[in-house]
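Quick notes on the structure that follows.
So this is what it looks like as structure tokens:
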């Protein structure tokens, strides 16, 4: 009896062990199932997260595209506004109606660009410069490319012959002129102290920059007035090229600086006289532009090409830009306008500081120019 009881009692732990093993296996199986389900859930979450990131990336890309498109549309809108303003300006001065623009110093550089861009806008072009062969080539280029009429007159303004102005009057008087561009000008060959300036260079600068500009303008004004009387609603325009050399008194370019400063006062006075008659008069101030006069060949952020500079000028006609404190004066190229604003609002145009800085700069330019001349003479 005891042995049976003992045997049964001995089997109890074994059954309990088997039960425990089964429980452990069940729990382990349940854990595995749970882990598998969790892995599946995590995988689903990863996929959803990846999809969300993908969607976010797409949204960002779409947003960036929309932002870029908006900026492009804003630029296009601005260009269209500027284009419409320019077209209105062009119509105001008689574009595409057979009206003429007279451009002096027009065979090269800035003057040539004025002629080309005004022709592109629909004006007939009268070219005045010194070299007939260059005038003929430019006339042919303009007339064939832009389908406008051209005429030309070769004049050496430095000679200051009365016959030149008489001839100019004769050939222009029958033309319906609305625009005059006073671009002809001359500077010193290199910076030079006033006391050492050659008499012929001094006379040429004053004659070309001042006398020729005044005489030409005096001849053209009556023809513009006649055109406006015969064409109600049309306005006239006289642009005269100024310079930073006239804005700031410039040592070592004293004669040139004085000649351009004279044009500033003369042009503003003329603007007051002619504005009531429907003729807009503006002085155009520029810093350096790539040209034969500046002897600079490569354009930069502050030194535009003639094409860029003239485009900015014609866009700015009739608008206040730069030179805000000066009546009938524009500084159309943005970098030049910023430079002018900085000078006027810091050291001041007529200050000793500005004068001294200008002096040192042109002394250095003179030294380099003289060294270059010496090298070239040795090579010869």
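In our numbering, the protein residues as written are 26 to 405.
Ideal Cβ placement from N, Cα and C applies to all residues, glycine included.
With a 10 Å radius around its C-beta and 16 neighbouring C-beta atoms as the bar for buried, classify residue 361 as buried or exposed. buried
Under the three-state reduction of DSSP, which class applies to residue 182: helix, strand or coil? helix
Cβ neighbour criterion (16 or more within 10 Å) applied to residue 387: buried
When the Cα of residue 277 is compared with those of 178, 115, 385 and 159, which residue comes out closest? 385
Short check: CB of residue 274 to CB of residue 282, under 8 Å? yes
Alpha-carbon spacing of residue 302 relative to residue 264, whole angstroms: 16 Å
Would you kindly work out how many angstroms separate the C-alpha atoms of residue 427 and residue 339, rounded to a whole number? This structure cannot speak to residue 427, because the chain is shown only from 26 to 405.
Report yes if the C-beta distance between residue 288 and residue 242 is below 8 Å; otherwise report no. no
C-alpha distance - residue 147 paired with residue 156, whole-angstrom precision: 25 Å
Apart from the five residues on each side of it in sequence, which residues of its chain come closer than 7 Å, Cβ to Cβ, to residue 374? 272, 273 and 368
Touching or not, the segment 178-189 and the segment 218-238, by the rule of three or more beta carbon pairs under 8 Å? yes
What does the alpha-carbon distance come out to for the pair residue 58 and residue 66? 12 Å
Output the distance between the C-alpha atoms of residue 101 and residue 95, rounded to the nearest integer angstrom. 10 Å
Check whether the segment 349-358 touches the segment 320-338, counting contact only when three or more Cβ pairs, one atom from each stretch, lie closer than 8 Å. yes
Contact between the segment 207-216 and the segment 84-92 is defined here as three or more beta-carbon pairs at a separation below 8 Å; is this criterion met? no
If we call anything under 8 Å between Cβ atoms a contact, is residue 202 one with residue 244? no
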